[in-house]
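Asker: Take this structure first; my questions come after.
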Amino acid sequence: MSEPSPSDRTTVERGQAAALGINEAYISLLVERFYEAVRVDPALGPVFAAAIGADWTPHLATMKRFWSSVALGTGVYEGRPVPAHARHRDITPEHFERWLVLFRETLEETAPCPDAADFFLERAARIGKSLKLALFGLPGLARD
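As numbered in this note's numbering, residues 24 to 167 make up the sequence shown, in order.
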């Protein structure tokens, strides 16, 4: 039996997301609430403020496109996360851990159901791990 095509996988994933109550409206709510928490977080707030500046509107729009692409397979995000994060030298591996904690807390408060929270959390953990590996390499290796 052959592997499903990318478009078939996207269709299946979109159906799974829809069944969990995940749609563009929920993604917008998730992103807005998450970044409200980030802004006031003592560890992440200053890092994000330094990177984003005073106007968070473009970043929020980018993150909504990103999560729409990740969760719904829309393909509307066209960014490059690794270079976007690599230029911010004050990011540490610990920031990724805190980011995931806040993301989990936001999901617990907003997700339409526990399975929807798990759906996002699984993807967020994988994304965070990939970014951390790209930025910091294997444990014990320092970034230049």
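In this text, a Cβ means the ideal position worked out from N, Cα and C, and glycines have one as well.
These numbers were taken from a predicted model, which means no experiment stands behind them.
DSSP three-state label for Asp-64, please.
Answerer: coil
Asker: Roughly how many angstroms lie between the CA atoms of Cys-136 and Ala-41, to the nearest whole one?
Answerer: 12 Å
Asker: Could you pull out every unbroken alpha helix (DSSP H) segment of at least 4 residues lying fully inside the stretch 62-110, listed in chain order?
Answerer: Runs of alpha helix (DSSP H) with 4 or more residues, each lying fully within the stretch 62-110, are found at 67-75, 80-95 and 104-109, listed in chain order.
Asker: Please classify Thr-80 as buried or exposed, where buried requires at least 16 neighbouring CB atoms within 10 angstroms.
Answerer: exposed
Asker: Would Leu-144 and Arg-121 be called neighbours here (beta carbons separated by less than 7 Å)?
Answerer: If you check the CB distance, Leu-144 and Arg-121 do not come in under 7 Å.
Asker: Would you kindly work out how many angstroms separate the C-alpha atoms of Thr-129 and Ala-157, rounded to a whole number?
Answerer: Each residue's alpha carbon lies about 25 Å from the other.
Asker: Buried or exposed: which applies to Ala-84, given that a residue is buried once 16 or more other Cβ atoms fall within 10 Å of its Cβ?
Answerer: Ala-84 is exposed by the Cβ-count criterion.
Asker: Once you ignore the five residues that flank Ser-51 on each side, which residues in its own chain have a CB closer than 7 Å to its CB?
Answerer: Lys-87
Asker: Please report the straight-line C-alpha distance between Asp-64 and Leu-123, rounded to a whole angstrom.
Answerer: When rounded, the distance between both Cα atoms is 13 Å.
Asker: For Thr-97, which residues of its own chain have a beta-carbon under 7 Å away from its beta-carbon, when the five flanking residues on both sides are left out?
Answerer: Ser-91
Asker: For Glu-117, which residues of its own chain have a beta-carbon under 8 Å away from its beta-carbon, when the five flanking residues on both sides are left out?
Answerer: Ala-66
Asker: Once you ignore the five residues that flank Ala-74 on each side, which residues in its own chain have a CB closer than 6 Å to its CB?
Answerer: His-111
Asker: From this set, Gln-39, His-82 and Ala-72, which residue's C-alpha is nearest Val-54's C-alpha?
Answerer: His-82
Asker: How is the alpha helix (DSSP H) around Pro-116 delimited, first residue to last?
Answerer: 116-133
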